[in-house]
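Data block below; observations after.
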Amino acid sequence: MSIQVIINILCFLFGSLIGSFLNVVIYRVPRELSVVTPRSSCPNCNHEIKWYENIPIISYLFLKGKCSNCKQKVSVRYPLVELLMGVVAMLLAPSDFAITSLINFSFYFSVAAIFLAHLMIDIEFKLLPDKINLYFLLITIPYSIANLPLFYWLAGGLIGFLGPCIITVLFYKLRGVVGLGGGDIKLFGILGLILGPFGILSNIFMSCMLGSIVGLGLIVTKKMSRDSAFAFGPFIIIAASVQIFMPEFFAMINPFSLK
Ligand SMILES: [Zn+2]
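Its first residue numbered 100, the sequence shown is counted upward by one per residue in the numbering used here.
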């Protein structure tokens, strides 16, 4: 077996384990519960989940997607998050064990995990939790300081934070409703630190376009009323995922490309 195959397998196992933890984060953080204690238990019968019932993907298959005690169905979301994080870790796998490769892997894998947690929590709770944004900020600042020119990340962060703030205030003055939530504005600000000034402008533009198209579609098809709450985070995250994880594709569609 080549070394790259071994690295890929290790990354998959690591990713699916983190996916298992991410399931805990997605369930507990929006409910303001600790992600450390107590041990996971069945929400239906409180049966404490044993370590061998908690092996990513495999346990779900062995238990046929049911609680071992009360046979209540377990959401397929759990093994899917584990599988997805395993695949993401494998796609981001470093090609060697050099320290910069490992740091890059840790950073980009963490960004992917944060994006998935934000995405799922925002869809369910219309909320981008401060705890997750704070963790995102704490890993991004040292990464940007080490890898990007000072002006680039500083300007990106300022535009990402202040731009949406101004839009929100203007929107409120004109329409009398709050457009973007605080979590959205903080997320734009942090993304600006990675994407830089032009990158964050592209992100704001693309996420607003995507959000407007989907929002209008939902209103027209009467799946949503004009003034009901609308999760905007997923559009920021979809746009940012293309920018960060598919840079070649993004270069082709970038509305702010100077070429
Ligand atoms: Zn149970």
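Each residue gets a CB set at the ideal place from its N, CA and C atoms; glycine is no exception.
Asked	Found
Any idea if TRP150 is buried or exposed, counting beta-carbon neighbours within 10 angstroms, 16 or more meaning buried?	exposed
Label LYS358 either buried or exposed according to how many other C-beta atoms from any shown protein chain fall within 10 Å of its C-beta, with 16 as the threshold for buried.	Bear in mind that the predicted position of LYS358 carries a pLDDT of just 46, short of 50, making it too unreliable to give a figure here.
Check LYS285 in the structure and name its three-state DSSP category.	helix
Can you tell me whether ASN153 sits near ligand 1, meaning its C-beta is under 8 Å from at least one heavy atom of the ligand?	no
Using a Cβ-Cβ cutoff of less than 8 Å, which residues in the same chain neighbour ALA194 once the five nearest sequence positions on both sides are dropped?	First, the amino acid is wrong: residue 194 is Ser here, not Ala. Closer than 8 Å at Cβ, skipping near neighbours: GLN103, ILE106 and SER200.
How many angstroms separate the CA atom of ILE284 from the CA atom of MET100?	47 Å
Specify the secondary structure class of GLU131 as computed by DSSP and reduced to three states.	coil
Would you report the Cα separation of HIS217 and VAL128, rounded to the nearest angstrom?	10 Å
Checking the sheet assignment: what are the DSSP bridge partners for GLU147?	SER140
By how many angstroms is the C-alpha of MET308 removed from the C-alpha of ALA254?	23 Å
Could you have a look at LYS165 and say whether DSSP puts it in helix, strand or coil?	strand
For LYS225, name the three-state secondary structure that DSSP assigns.	coil
Where DSSP assigns a beta bridge to LYS172, which residues make up the other side?	LYS165
When the Cα of LEU261 is compared with those of GLY291, ASN232, ASN246 and GLY275, which residue comes out closest?	GLY291
Alpha carbons only, please: which of LYS163, ARG325, LEU226 and ILE335 is nearest the one belonging to VAL361?	Limits of the chain in this structure are 100 at one end and 358 at the other, which puts residue 361 out of reach.
Just to confirm, is the Cβ distance from ILE335 to LEU294 under 9 Å?	no
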